[in-house]
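Numbering (our numbering), first residue to last: 23 to 182. Glycine included, every Cβ here is placed at the ideal spot set by N, Cα and C. Okay, structure first, notes after.
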Amino acid sequence: MQYTCDCGLRQRRRGASRIEEILPSEVRCVRASSDSSWPACWISRPANVLLSDEGTMWNARSFAPAWIRLDLGESAPYIARIDLLPSMEPKDGKVTHIVRIGMNLHQMETVVTMKGEWADRQWAGCTFPEHYRRARYVEILTMDSPSWVAWIRVRIWKEV
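As structure tokens, then:
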């Protein structure tokens, strides 16, 4: 899988010692462009992207554009990295994913654009070197994909 990761953050934090994954218990809720209306709960619940079980996922049941948004709560950690595990059945190919973050839903900022050739069940990620930004909300907006938009796992890393 080849892709480019354009990190567009402007605010810098100094003195970050390490990062760790945000635990599912730290995520207040997960919403998506299509929520839980599909009877197959193993594939339709947005919160499935937090589970370590790769047998579950969230599937938009449609092509792009589609989005999934995680609410990290009022503590709003400093975001350091994002890792994504897509489900791209039946077809791998060129994608465009935009990662937006913000303290509220009315002031979301694009911080990462991931473009390129992606494959089913292949991890892709982007580290934001020296560019940590506090965020309550993290949204992945898929603008282009040869398959339905579906995520098996979303991992967000924070500065500690």
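Suppose the cutoff is 8 angstroms on Cβ atoms and the five residues either side in sequence are ignored; what does the same chain contact list for W64 look like?
As a position in the sequence shown, residue 64 is number 42, starting the count at 1. Its pLDDT being 49, under 50, W64 is placed unreliably by the model, and nothing is read from it.
Tell me, to the nearest whole angstrom, how far the beta carbon of I101 is from that of V52; I am working on the premise that it is less than 8 angstroms.
For the purposes of this step, residue 101 is taken as the residue at position 79 of the sequence shown. For the purposes of this step, residue 52 is taken as the residue at position 30 of the sequence shown. Between V52 and I101 the Cβ distance is about 16 angstroms, and since that is not below 8 angstroms, they are no contact.
Quick one, which of P168, A172, A157 and D166 has its alpha-carbon nearest E96's?
What you label residue 96 is simply residue 74 of the sequence shown in a count that begins at 1. The residue with the shortest Cα to Cα distance from E96 is A157.
To the nearest whole angstrom, what separates the beta carbons of L73 and V49, a pair I think is in contact under 8 angstroms?
Counting from one through the sequence shown, the residue named residue 73 turns up at place 51. Counting from one through the sequence shown, the residue named residue 49 turns up at place 27. L73 to V49, Cβ: 11 angstroms. No contact.
Less than 8 angstroms between the beta carbons of A141 and D105, yes or no?
Working through the sequence shown from its first residue, we reach residue 141 at position 119. Working through the sequence shown from its first residue, we reach residue 105 at position 83. Against a cut-off of 8 angstroms, the Cβ pair of D105 and A141 comes out as no contact.
Residue(s) in a DSSP beta bridge with P99
As a working mapping, residue 99 is identified with position 77 in the sequence shown. Answer is none; P99 lacks a bridge partner.
If you run the structure through DSSP and keep just helix, strand and coil, what is V117?
Sequence index remark: in the sequence shown, residue 117 carries index 95 (1-based). Looking at V117 - three-state DSSP - the assignment turns out to be strand.
Check whether I123 and R103 have beta carbons under 8 angstroms apart:
As a first step, residue 123 is located in the sequence shown; it is residue number 101 there, counting from the start. As a first step, residue 103 is located in the sequence shown; it is residue number 81 there, counting from the start. It is not a contact, given that the beta carbons lie outside the stated cut-off.
Which of the three DSSP states is assigned to A69 in this structure?
Here residue 69 corresponds to residue number 47 of the sequence shown, with the count starting at 1. Three-state result, A69: helix.
Are V182 and E43 closer than 8 angstroms when you measure CB to CB?
Position 160 of the sequence shown, counting from 1, holds the residue named residue 182. Position 21 of the sequence shown, counting from 1, holds the residue named residue 43. It is not a contact, given that the beta carbons lie outside the stated cut-off.
Take T132 and list the residues in its own chain whose beta-carbon comes closer than 8 angstroms to its own, dropping the five residues that flank it on each side.
Numbered from its first residue, the sequence shown carries residue 132 at position 110. Cβ neighbours of T132 beyond the five flanking positions: G30, I120, V121 and R122.
Using the C-alpha atoms, what's the distance from M130 back to M110?
As a working note, residue 110 is residue 88 in the sequence shown. As a working note, residue 130 is residue 108 in the sequence shown. When rounded, the distance between both Cα atoms is 27 angstroms.
Closest by C-alpha distance to L94, when choosing among G138, S84 and L45
Mapped onto the sequence shown, residue 94 falls at position 72. It is L45.
Tell me the rounded alpha-carbon separation between A86 and D166.
Start at 1 with the first residue of the sequence shown, and residue 86 comes out as number 64. Start at 1 with the first residue of the sequence shown, and residue 166 comes out as number 144. Rounded to the nearest angstrom, the two C-alpha atoms are 5 angstroms apart.
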